[in-house]
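Position 224, counted from 1, in the sequence shown is what the UniProt record's numbering calls 224; the numbers after and before it change by one each time, with no gaps.
Note that CB positions come from ideal geometry on N, CA and C, so glycine has one too.
Before any comments, here is the structure.
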Amino acid sequence: MKRPKLKKASKRVSCSKRYKIQKKVREHNRKLRKELKKKGVSKRVKKDPGVPSSAPFKEEVLREAEERRLKIEEEKERKKQAKREERAQKRKKEKEVASKDPEPKAKKARQDENGKHSEKHTAPDKSSKQFLCGELNKVIDASDVVIEVLDARDPLGYRCPQLEEEVLRREGNKKLLLVLNKIDLVPKENVERWIQCLQKEFPVVAFKASTQIRDKTVQAKKSRIVASNEVLDKSRGAACFGISCLTELLTTYVANTEKEASLRVGIVGFPNVGKSSLINSMKGILACNTGVKRGITKSMQEVHILKNVKLIDSPGVVASPSNPPASMALRSLQVEEGQESVLEAVRTLLKQCDKTQIMLQFNIPDFRNSLEFLTLFAKKRGYLQKGGVANTEQAATAFLADWTGAKLSYYCKAPENISLPAYLSDSVVSDMQKGWDLTKLKMDNEETLKGVKFPNQASSISFISKGPTAGLLSASDITEEKPGPAATESETMQNDEPEQTIEEPDKTEELEKPQKASLRKKPNKVQFQSVPIDISLSTATTDDAYDFNTDFK
């Protein structure tokens with residue numbers, strides 16, 4: 001019987017053998033280097049040592065380097081986009097040339113027949129403006145009462161005069177009701193002022209929709225758990241206020257009108273204002289899809305709330321391109337459709353706010369422009385790319401989601417004296433307020449405001465409202481305005497130069513010129529430039545400046 005090995009074989013090698021191996025490896029590497037030299041392959045680029053800690057103005061130098069690097073990346077991206085557009089145009093031209101080629105009559109007839117059949121079977125584009133306007137008109141026609149949902153953070157901006165005028169113009173004596181949603185994101189005094197202001201035109205209901213309503217099956221499981229453990233979800237997102245007020249208002253209206261058929265209530269408003277969330281809160285289950293992304297609802301949907309009350313969900317009102325940029329950034333779907341970049345939307349929103357309030361809200365240090373704000377915001381939230389580079393695109397989308405969703409607290413001041421618009425008169429206002437129990441509504445609104453936890457005015461951002469937002473309701477009004485070549489050039493120039501949110505001295509303009517020149521010469525390399533400082537001016541303005549002419553002994 002063979003004796004088993006007691007120990008493993010040793011891996012030790014004699015010194016002579018080890019030295020031979022090392023020598024052969026060195027020779028092999030030398031040969032490889034020679035071959036690479038013959039081919040013309042350059043050596044590995046040395047790593048940038050960076051700015052030493054002892055260097056003066058280190059933060060400013062790093063900030064300038066980061067801005068230059070971002071500018072270079074934007075230029076590269078712009079060039080790529082231009083190349084893509086050129087290729088797309090070439091393909092389009094080739095297709096047009098191919099379509100113009102003479103074809104046999106039989107083939108043409110076959111193609112025409114196929115085209116007719118395809119036109120019959122193809123479904124309409126649900127994301128098109130014509131389809132959305134058509135669905136909105138269907139909702140207005142089908143409803144007896146139209147509820148216009150407004151965001152409490154900017155109620156005047158979320159009002160659409162064209163929509164209100166269209167509702168009043170339709171036959172059937174339709175009633176218009178205003179619901180002030182997201183009241184938990186605005187200071188209490190501001191909400192009360194807006195309710196007093198809007199009540200002069202239409203009845204107003206204060207509302208706070210629940211943002212944590214789930215599917216039926218999940219709801220059933222949750223209810224079982226709650227029943228066993230007797231635990232209630234009292235979180236701020238799950239809480240809902242104003243349901244009893246709105247249901248009582250609608251039921252009393254049905255009782256007063258003595259209508260046999262069920263009351264059809266259309267829910268209308270701009271995208272992401274909380275239309276579907278209001279319906280889900282009233283129903284108590286996830287009846288309509290909701291989300292942070294705007295424009296989720298594409299078509300009308302009926303939901304039974306009570307025996308004699310039926311709510312109709314509608315797509316958002318299409319904003320007119322003639323509106324100011326801030327209104328379009330908050331209420332239109334340009335960013336989702338790719339017509340406007342997220343960075344431009346953030347830039348327009350930052351213009352309308354106080355910088356100190358933005359810094360306190362997001363806990364960010366002082367910034368000079370929107371690009372610097374987004375880099376700081378990205379680092380704060382941890383939106384970083386490979387190598388620790390700030391992902392400004394992701395930061396911009398998160399910032400915009402906070403503004404349009406039910407997260408960020410900002411408010412607009414209610415005007416003291418409001419005159420009635422042209423489409424409203426005293427007789428129309430009195431007619432709109434008939435049939436509603438206004439005293440009960442006032443009491444219910446007060447009860448709702450008592451229950452909601454409001455933010456402090458110091459912790460919320462004051463926002464400058466741009467007034468009512470114009471909307472498109474018919475397909476004839478939709479005219480896609482394409483900017484001319486001069487306009488596009490000016491826009492690109494504006495996008496290249498960072499927007500100054502605070503007033504800076506004239507030196508910055510002088511400093512930008514050499515920076516731009518250096519970028520044109522060497523776009524692939526980041527170069528550090530010394531900032532010229534006038535010592536005489538600095539000594540005059542600051543007391544701590546060092547005078548190099550004096551001799552201290």
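What are the start and end residues of the alpha helix (DSSP H) that includes residue i?
i: LYS24; result: 15 to 39
i: ASN445; result: 438 to 451
i: LYS259; result: First-last for LYS259: undefined, no H or E at that position.
i: LEU62; result: 58 to 100
i: LEU374; result: 370 to 381
i: ILE195; result: 188 to 198
i: ILE358; result: 355 to 362
i: VAL429; result: 426 to 432
i: ALA345; result: 342 to 351
i: THR404; result: 392 to 404
i: LYS283; result: 275 to 283
i: ALA142; result: 129 to 142
i: LEU163; result: 161 to 169
Under 7 angstroms Cβ to Cβ from residue i, same chain only, skipping five residues before and after it: list those, please.
i: SER14; result: none
i: LYS188; result: LEU449 and PHE454
i: LEU424; result: GLU201
i: ALA238; result: SER210 and GLN212
Find the nearest neighbour of residue i within the set the options, judged by alpha-carbon distance.
i: LYS348; options: PHE399, LYS71, VAL254 and LYS17; result: Note on residue identity: the sequence assigns Thr, not Lys, to residue 348. With distances taken between Cα atoms, THR348 lies closest to PHE399.
i: THR257; options: MET300, LYS129 and ASN173; result: ASN173
i: SER462; options: SER16, ARG153 and ARG68; result: ARG153
i: VAL303; options: LYS283, LEU198 and LYS293; result: LYS283
i: SER137; options: ASN456, GLU74 and GLU165; result: Per the sequence shown, residue 137 should be read as Asn rather than Ser. The candidate whose alpha carbon is nearest that of ASN137 is GLU165.
i: THR251; options: LEU441, GLY40, PRO49 and LYS24; result: LEU441
i: ALA142; options: ASN456, MET300, PRO468 and ILE464; result: MET300
i: PRO276; options: PHE373, LEU150 and GLU340; result: Position check: residue 276 holds Ser in this sequence, whereas Pro was assumed. Of PHE373, LEU150 and GLU340, the residue nearest in Cα terms is LEU150.
i: VAL51; options: LYS8, ALA65, ILE296 and VAL41; result: ALA65
Using 9 angstroms as the limit for Cβ to Cβ distance, is residue i near chain C?
i: LEU333; result: Reference to chain C is not applicable here, since this structure consists of a single protein chain.
Residue range of the beta strand (DSSP E) that residue i falls in?
i: ASP151; result: 145 to 151
i: GLU302; result: 301 to 304
i: ASN181; result: 175 to 181
i: LYS310; result: 309 to 313
i: ALA206; result: 204 to 206
Residues in its own chain within less than 6 angstroms of residue i by CB, not counting five upstream and five downstream?
i: ALA345; result: ALA329, VAL335 and LEU400
i: LYS20; result: none
i: ARG12; result: none
i: GLU510; result: Residue placement at GLU510 is flagged as unreliable, the pLDDT there being 43, under the threshold of 50; the coordinate-derived value follows with that caveat. Excluding residues within five positions, none has a Cβ falling inside 6 angstroms.
i: SER370; result: VAL346, ARG347, LEU350 and GLU499
i: SER332; result: ALA319
i: ASN190; result: TYR411
i: PRO325; result: THR348
i: ASP444; result: CYS245
i: TYR383; result: ASN391, GLN394 and ALA395
i: ALA414; result: ARG193, TRP194 and CYS197
Are residue i and residue j close, meaning C-beta to C-beta below 9 angstroms?
i: GLU393; j: VAL342; result: yes
i: VAL179; j: ILE312; result: no
i: LYS466; j: GLY157; result: yes
i: LEU168; j: VAL145; result: no
i: LEU185; j: LYS434; result: no
i: SER262; j: VAL309; result: yes
i: PRO315; j: PRO271; result: yes
i: MET213; j: LEU286; result: The amino acid at residue 213 is misidentified as Met; the sequence shows Ile. Taking 9 angstroms as the Cβ cut-off, ILE213 and LEU286 qualify as a contacting pair.
i: ALA181; j: LEU278; result: The sequence shown places Asn at residue 181, not Ala. In contact: ASN181 and LEU278 (Cβ atoms closer than 9 angstroms).
i: LEU306; j: ASP437; result: no
i: LEU420; j: LYS298; result: no
Grab me the residues of residue i's own chain with a C-beta within less than 8 angstroms of its C-beta, minus the 5 sequence neighbours each way, in chain order.
i: ALA470; result: CYS160, PRO161, GLN162, ALA319, SER320, SER322 and ASN323
Does the structure place the segment 203 to 211 close enough to the segment 238 to 247 that three or more beta carbon pairs sit under 8 angstroms? yes
Counting pairs of Cβ atoms below 8 angstroms between the segment 418 to 432 and the segment 372 to 390, do you hit three or more? no
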